[in-house]
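Q: Just so we're aligned: the sequence shown equals residues 37 to 985 in this note's numbering. First, the structure itself, so that you have it in front of you.
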Amino acid sequence: MFKNIVKCLSSVPVALLIGFLFFSFSPVNAQMKGLRKGKLANGLTYYIYNDGSASGEAQYYLYQNVGAILENEEEMGLAHVLEHLAFNTTDHFPDGVMNFLRSNNLNDFEAFTGVDDTRYAVHNVPTKDVKLNEKMLWVLRDWCHGVKMTTKDIEKERGIILEEWRHRSGVDRRLTDAIAPVVYNHAGYATHNVIGSQKILETFKQKQVKQFYDKWYRPNMQFVAIIGDVDINQVEKDVQAVFKTLPMTQAPAVSPQTRLVPNNTTPLYMRFIDAENKSASFGLYQRLEVKGNAPEENRVRQFIFTNFFNTLAPKRFAMLKNADKESYIAAEVSLSPLVRNYYQMAWDVVPYQGNEQKALQQLLAVRDNLRDQGFTAAEFNAEKEKMYNGMKEALESQGLGTPDNALMLFRQNFLYDVPVQDFRAQINRNIESLVELEVEDMNAWLKSLLDDNNLAFVTYSKSEREMNITENDLMAALKAKSSFSDMARAEGTTPMSQLIDFRLPTGQIISEKSLKTLQAKEWTLSNGAKVLYRHVPELSGQFLFAGSAEGGKSIVPAQELANYHAMRSLLMQSGVYKYNRNQLAQWLQGKNINLSLSLEDYSDGVGGNAPVANADDFFSYLYLILSHQNFSKSAFDKYIQRNLYVYENRATTGMAAVQDSIQHLLYPVSAMNPRQDEAFFKSVQYDKLQEQFQTHLGDASRFTYCLIGDIPEAKAKELVLRYIGSLKGEGKSVKSAIRPIDFSSSTPVIKRTFETETEGGMAEIEISFANKQKLSEREQAALEVMRGLLERRYFDVLREKEQLTYTVGVQSNYTAQPVASERLNIHLSTSKENVDKAVSLVYSILDDVKAGRFTADEFKAAMVPLAVDEEQAAAAQSNSDPSVWMALLNIYAETGNELSPNDNTASSPIFKTLTAQDIAAVAMKVITDAKQREIIVKPAAQEGKHTFK
């Protein structure tokens, strides 16, 4: 996949519950408002859609119904090669498409080659620039059939793609390639892995790429889409004028056999043994045919049932763990798309050592239980209510669907002739189907899936002796699975009607203060806790709650670190008071209560939200969590067993061993930074867990709690006094003495080179600088721009010009509390012989930035996107957003300063006021006298093994 590496933006935000938009299409002809679809005489399809999204912007897409599956044996990887070449020289862009995009400050672009199709996109094109938008149509046109494929471009991209191949050539790809024959039952998908083979990538000729391009990149295999704030009539005229220049030549028909995966009635079996496997495990995979052109109701049900399954089925493993009946360290199940027209149900299990056979039996028991018994009405109805509320919430949201969502709808229409319908109508149609469904429908669907056809079973291990479940063992377990059905049943739970069945010692408010700017109240309770309350009726029947205290890992003595680590891992694993986790889960069903604990480096906290109608339940649950936390001996013993297993099975050779050495070089072992080894975990004391919990979460006098929502003050006081006032506390506010956490070596400069067998024979380079300079807000913004400028320059020089790497990552981070500190990290992979050159260029470019030797265009390209994001964030921030009050109360709790929402939004923008001198100055400040680290891991040449060149 070619991803825009210049500007690592997140993808276009996904609308709430976007899946609801993809699978429901009414048969009526009322298509999506603002959509124009057409087809040219040469066969090209176009979609022009004014979606009412970001004002003044448009998104440009090309969809190509060609992927790796259409390659023959001599073409493996060429679909992906074409994707790379598309950003180089084309008919109308002799200096290259990427140069054109970046010179016009279009930095958010991407392309993706999959096994079934290829997609190109350029985002956020300003529509006020008419000439630019006209040229964007020519970009799409050249991608359709105007890529030049010059010798220079091919050799440049060959180097980059080989670096990408090496970058991907680790255990994950070996695993994917190895198990593909059983996952796909030896069909074409089993041998087409997108990136292709090293041999072909090293030797392919221009003629071969052009033949593939000329054969498949044809109008009947393509559609273009222009989505955004566009004049549909004008854009359609422009599209017709530009794309009519494409040749009339058509791509050949694709045989249905190409994408067909044959059925198998007997499970396919294999063992994947690799020294770099992370853990001994096994997986049971079932392939399911799901046609994209199925009748509407079938598609809607498939989507709804899949969501039910992916939410409810994994809970069966959680229930067994809660009941202390699990034979596994970890287990999960999911149902998701595999390739076109196929889904996969994947069951993956990491068993406890010595419990391999038992874990397999338990998996089969859970699977059979779901097939024969299905889900309960209570499970189904609770999830149905959540899904219904989610759909209703989506309907009420301002923007329904994003441009990327629309593209997926156009794909459905293009491939299967499924009508493109209005997002709102689609969600309403989904709601109609959902409300009609009952648990019997869900269970009938489940029963139809969970047969023993199209199964594949794979074991994963480092050696032959591990995870040795043979094919005979598998077949015997499948044959005898009915005999161990009890292994799927968690112990029965007694329903709870009232959570707290004892009298609470109600607290008192000993002082009350009005916070005029915040329009809030500050209550100090008799147990020492402080509570900040504000009535926020805009939350409409909901409330938000948070509590925090200084502390976390920073207050843990060295001798208690193992106990603290265990307590933190075991929170909520054994239930509270007299209730186990399964009873609590049953009690919580339908209440929409969210509550979580957090123990961070410098703070201890609790937070959540719920409907006001369930406020008593929320606070009673909170009270028990903080005052009656359970730590069972069984859960503790399994925690020790799991961690000892992971430690004993860690990799002790190769890259993993080198990484361990690097870790201890940069962060030396000390009393406060112990090695988490056998001695560490065996030192944990079970009877110290409760003591650690009380230290961090059991003393209310350490905490300030914030409560906002649609709760009248009288009701809020009642809840606070009854539940928070009843918690144990010292009677006066207590603050913990925190200490900075910095376990890094004090050595000013560390440069070290390691040699070991590496993935794909690649060398890894990590260069970093760590300093403790206090930065102003302006300097913090300049640091972000500096990061982007460095990443862009490294991309231009190391990748595009020198072809030394596939990608360069640059990260910067600034922390103000408890001690000001900043960090700059630069990471890249390259071949062994290019290490010295790459390192030299990294430092040279860094020196250029420190000295201000960069162009105005480079500065602008790094600064403008951040300035635009800053302005958009400011515009999007609303003073009426109810959640802003929680942030403002937290600021008051931490600093004592009262701010209003107007204070929060009145600050002037910073990024657009920065100068090139600011960037050079912050680079000099951050890097001068910083601790410097240069870690290089080179591949060690081994006899009989190929070292890539």
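Glycine residues also receive a C-beta, built at the ideal position from the N, C-alpha and C atoms. Note that the coordinates shown come from a computational prediction; the quantities given were computed from them, not determined experimentally.
Can you tell me where the alpha helix (DSSP H) holding Leu935 begins and where it ends?
A: First-last for Leu935: undefined, no H or E at that position.
Q: Which same chain residues end up closer than 8 Å to Gln244 when comparing Cβ atoms and leaving out the 5 residues on each side of it in sequence?
A: Excluding positions up to five away in sequence, the list reads Glu110, Glu111, Leu114.
Q: Applying the 10 Å Cβ sphere with the 16-neighbour rule, what's the burial state of Pro288?
A: Exposed is the call here.
Q: Which residues does DSSP list as the beta-bridge partners of Gln571?
A: At residue 571 the sequence reads His, which differs from the Gln that was named. Note: His571 sits in a beta bridge opposite Gly745.
Q: Is Ile190 near the ligand ZN - that is, is its Cβ less than 8 Å away from at least one heavy atom of it?
A: This structure lacks the ligand ZN, and indeed carries no ligand of any kind.
Q: Quick check: the Cα distance between Asp127 and Gly797, rounded to an integer number of angstroms?
A: The alpha-carbon atoms of Asp127 and Gly797 are separated by roughly 37 Å.
Q: Just to confirm, are Val183 and Met172 a CB contact at a threshold of 9 Å?
A: In this structure, Met172 does not lie closer than 9 Å to Val183 by Cβ.
Q: Starting from the N-terminal side, write out each stretch of the alpha helix (DSSP H) that is 4 residues or longer and does not extend beyond the segment 453 to 504.
A: Those alpha helix (DSSP H) runs which fall completely within the segment 453 to 504 and span 4+ residues are 459 to 472, 475 to 485.
Q: Leaving out the 5 sequence neighbours to the left and right, which residues in its chain are closer than 8 Å to Val844 when beta-carbon positions are compared?
A: Closer than 8 Å at the Cβ level, and outside the excluded window around Val844, lie Ile41, Glu827, Tyr830, Phe831, Leu834, Arg835, Ile862, His863, Leu864.
Q: Would you report the Cα separation of Met423 and Ile463, rounded to the nearest angstrom?
A: Each residue's alpha carbon lies about 11 Å from the other.
Q: Got a sec? Which residues, its chain only, sit under 8 Å from Gln578 by beta carbon, not counting five neighbours each side?
A: The residues are Asn645, Ala646, Pro647, Val648, Gly745, Asp746.
Q: Using 8 Å as the Cβ pair cut-off and three pairs as the minimum, do the segment 448 to 456 and the segment 302 to 319 touch?
A: Output reads no: the segment 302 to 319 does not touch the segment 448 to 456.
Q: Might you give, ordered along the chain, the residues of its own chain that have their beta carbon closer than 7 Å to the beta carbon of Leu176, omitting 5 neighbours on each side?
A: Same-chain partners within the cutoff: Tyr96, Leu98, Val260.
Q: Could you give the first and the last residue of the continuous alpha helix (DSSP H) run that contains Lys420?
A: Looking at the DSSP string, the run of the alpha helix (DSSP H) that includes Lys420 is 413 to 432.
Q: Which word fits Gly103, buried or exposed, when buried means at least 16 other C-beta atoms lie within 10 angstroms of its C-beta?
A: So Gly103 counts as buried.
Q: Kindly confirm or deny that the segment 761 to 774 and the segment 601 to 610 touch, where touching means at least three C-beta pairs closer than 8 Å.
A: At 8 Å Cβ cutoff, the stretches do not touch.
Q: Taking the straight line between their C-alpha atoms, what separation do you get for Asp884 and Ser876?
A: Approximately 12 Å between the Cα atoms of the pair.
Q: For the candidate residues Leu597, Phe493, Ala354, Pro704, whose alpha-carbon lies nearest to that of Asp509?
A: Selected option, being the one with the closest Cα: Phe493.
Q: How long is the line joining the alpha carbons of Ser812 and Ala923, rounded to whole angstroms?
A: If I take the Cα positions, the gap works out to 21 Å.
Q: Can you grab the Cα-Cα spacing for the pair Leu443 / Gln968, in whole Å?
A: Roughly 46 Å between the two C-alpha positions.
Q: Compare the beta carbon distance of Arg678 and Trp481 with 9 Å and say whether it is the shorter of the two.
A: Going by C-beta atoms, Arg678 is not nearer than 9 Å to Trp481.
Q: In the DSSP output, which residue or residues are listed as bridge partners for Ile236?
A: DSSP, once it has assigned bridges, lists no residue as partnering Ile236.
Q: What does Glu333 pair with, by DSSP beta-bridge criteria?
A: Note: Glu333 sits in no beta bridge, so no partner.
Q: Rounding to the nearest angstrom, what Cα-Cα distance links Arg376 and Lys873 in this structure?
A: Cα-Cα distance, rounded: 44 Å.
Q: Buried or exposed: Leu57, going by 16 or more other Cβ atoms within 10 Å of its Cβ?
A: Residue confidence for Leu57 is low, a pLDDT of 41 falling below 50, so the modelled location carries little weight; the figure read from the coordinates is stated next. Flag for Leu57 reads buried.
Q: Quick one: what does DSSP say His159 is sitting in, helix, strand or coil?
A: In this structure, His159 counts as strand in the three-state DSSP scheme.
Q: Output the boundary residues of the alpha helix (DSSP H) element that contains Phe672.
A: Where Phe672 is concerned, the enclosing alpha helix (DSSP H) stretches over 669 to 684.
Q: Tell me, please, whether the segment 957 to 977 touches the segment 880 to 900 by the rule of three or more beta-carbon pairs shorter than 8 Å.
A: At 8 Å Cβ cutoff, the stretches touch.
Q: Give the single residue among Gln534, Gln809, Lys566 whose Cα lies nearest to the Cα of Lys768.
A: Comparing Cα-Cα distances from Lys768 to each of Gln534, Gln809, Lys566, the minimum goes to Lys566.
Q: For Phe581, tell me which candidate among Asn489, Gln609, Pro784, Leu743 has the shortest Cα-Cα distance.
A: That would be Leu743, whose Cα lies nearest to the Cα of Phe581.
Q: Determine, using beta carbons only, whether Phe805 and Ser697 come nearer to each other than 9 Å.
A: Contact flag unset, no.
Q: Excluding the five sequence neighbours on either side, which residues of its own chain have a C-beta within less than 7 Å of the C-beta of Met899, listed in chain order?
A: The residues are Val821, Phe947, Leu950.
Q: Beta carbon of Ser370, beta carbon of Met381: below 9 Å?
A: Yes.
Q: Nearest to Ala818 by CA position, among Ala736, Glu793, Ala956, is which residue?
A: Answer by Cα proximity: Ala956.
Q: To the nearest angstrom, how far is it from the Cα of Thr740 to the Cα of Ala929?
A: Each residue's alpha carbon lies about 7 Å from the other.
Q: Going by the beta-carbon positions, is the gap between Arg155 and Phe148 smaller than 9 Å?
A: Yes; because the gap between Cβ atoms is below 9 Å, this pair is in contact.
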